[in-house]
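Colleague: Right, I'll just put the structure down here and ask away after.
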Amino acid sequence: MKFVSYLEWNNTEAIGILTKNEQNVIPIADIIPEFKNYNMINFIENCNKEILTKLEKEIDTFKQTYSIEKLQLLSPITKPIHDIICVGVNYQDHINEVKNNINDVQNTKPVYFSKRAIYIIGHNHNINARLDLDEALDYEAELAIIIGKKAKDIKIEEVNEYIFGYSIFNDISSRKIQKEHSQWYKGKSLDTYSSMGPCIVYKDDIKDVNNLNIKSTLNDETRQNSNTKHMIHNIYELVSDISKGMTLEPGDIIATGTPSGVGMGFNPPKYMKNGDKITCSIENIGELTNYVK
């Protein structure tokens with residue numbers, strides 16, 4: 152199943168599931184009325200196998216649907232409960248392309264940093280680029296993990312039990328600010344510099360999350376083209392490691408790193424500019440498009 156958040160006619164946030172053809176949305180509250188005022192985090196917190204089974208049965212037969220073309224999709228999670236947990240330099244080819252712009256990294260352990268996002272933009276939303284602060288505006292296509300239940304000190308073989316699903320994340324970055332501050336937080340945390348969507352795919356609907364094609368295109372020019380199998384630390388290793396001594400909660404977002412092909416990696420760099428269209432795509436999840444304004 153693919154779960155989405157969208158704007159209702161009264162400008163309130165609602166959640167739904169995509170039909171099998173992905174052309175229509177079924178409001179979850181129409182199937183389960185007690186979820187009427189739930190956002191995606193509320194839904195994840197209260198979701199169980201019984202609810203998922205009920206929703207699955209309705210996908211092909213439920214009559215009241217809305218055309219996805221007539222809805223304004225939001226990020227599946229618009230306001231995260233905590234800062235986004237990000238994994239840095241998790242693809243060797245990305246390390247190779249940016250090694251002159253980052254401090255020496257030893258990859259025996261994952262590299263983590265956080266990204267502030269008071270509001271995550273979604274599919275077809277605008278990036279309000281602060282080119283007055285930094286013209287070195289970059290993109291990073293990443294697989295996002297969505298935590299499904301409270302987790303701490305979990306073993307690698309237990310990780311799947313604690314994951315709800317997966318989405319696409321664009322870790323939009325201001326490279327000059329990033330470099331000036333000698334760390335990544337500020338340069339990655341400007342307003343609208345986090346994008347996620349178009350949906351969350353339930354974990355059971357992805358056969359092998361560690362073998363998914365991941366791409367990005369800028370104005371239809373392919374920039375990134377890789378596969379999650381090339382991660383240095385895979386999905387289950389990351390979640391297990393992060394949970395050691397640190398509590399994860401339902402709705403927490405983990406962005407798992409980006410492959411080579413970012414703008415900073417070119418010589419000379421090829422950054423985004425006003426009017427550009429950036430699309431990040433991941434196999435079995437979909438496409439996430441944003442526009443630089």
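In the numbering used here, each residue carries its 1-based index in the sequence shown increased by 151.
Glycine included, C-beta positions come from ideal geometry on N, C-alpha and C.
(1) Which value, in whole angstroms, describes the spacing of the CA atoms of Ile328 and Asn199?
(2) Reducing DSSP to helix, strand and coil, say where Ser333 ends up.
(3) Take Leu389 as the anchor and find which of Asn241, Glu220, Leu288 and Thr229 has the nearest alpha-carbon.
(4) Ser367 and Thr407 - do their beta-carbons sit closer together than 8 Å?
(5) Report the rounded CA-to-CA distance for Ala292 versus Gln215, giving the unit in angstroms.
(6) Using alpha carbons as the reference points, say which of Asn161, Thr379, Lys301 and Ala268 lies closest to Lys358.
(7) Express the C-alpha separation of Tyr387 and Ile298 in angstroms, rounding to a whole number.
(8) Buried or exposed for Gln375, please, with buried defined as at least 16 other CB atoms from any protein chain shown within 10 angstroms of its CB.
(9) For Lys366, which of helix, strand or coil comes out of DSSP?
(10) By the 10 Å Cβ neighbour count, where 16 or more other Cβ atoms means buried, how is Thr343 classified, buried or exposed?
(11) Using three-state DSSP, classify Ala180 as helix, strand or coil.
(12) How would you label Gly426, buried or exposed, when you count the other beta carbons within 10 angstroms and need 16 or more for buried?
(13) Ignore the nearest five residues each way along the sequence and tell me which others in Glu209's own chain have a CB closer than 7 Å to its CB.
(14) Since Lys171 contacts Ala180 with CB under 8 Å, what's their CB separation in whole angstroms?
(15) Which residues in the same chain have their Cβ closer than 6 Å to the Cβ of Asn277, if we skip the five residues on either side of it in sequence?
(16) Tell me the start and end of each unbroken alpha helix (DSSP H) in the segment 202-258 that is at least 4 residues and wholly inside, in chain order.
Modeller: For this structure:
(1) 43 Å
(2) coil
(3) Of the candidates Asn241, Glu220, Leu288 and Thr229, Asn241 places its Cα closest to the Cα of Leu389.
(4) no
(5) 34 Å
(6) Thr379
(7) 12 Å
(8) buried
(9) In this structure, Lys366 counts as strand in the three-state DSSP scheme.
(10) Around the beta carbon of Thr343, 16 or more other beta carbons lie within 10 angstroms, which makes this residue buried.
(11) In the three-state reduction of the DSSP assignment, Ala180 falls in the helix class.
(12) Classification for Gly426: exposed.
(13) Ile177 and Ile182
(14) With 8 Å as the limit, Lys171 and Ala180 do not qualify as a contact, their Cβ atoms being about 20 Å apart.
(15) Tyr442 and Lys444
(16) As far as the segment 202-258 is concerned, its whole alpha helix (DSSP H) runs of at least 4 residues are 243-249.
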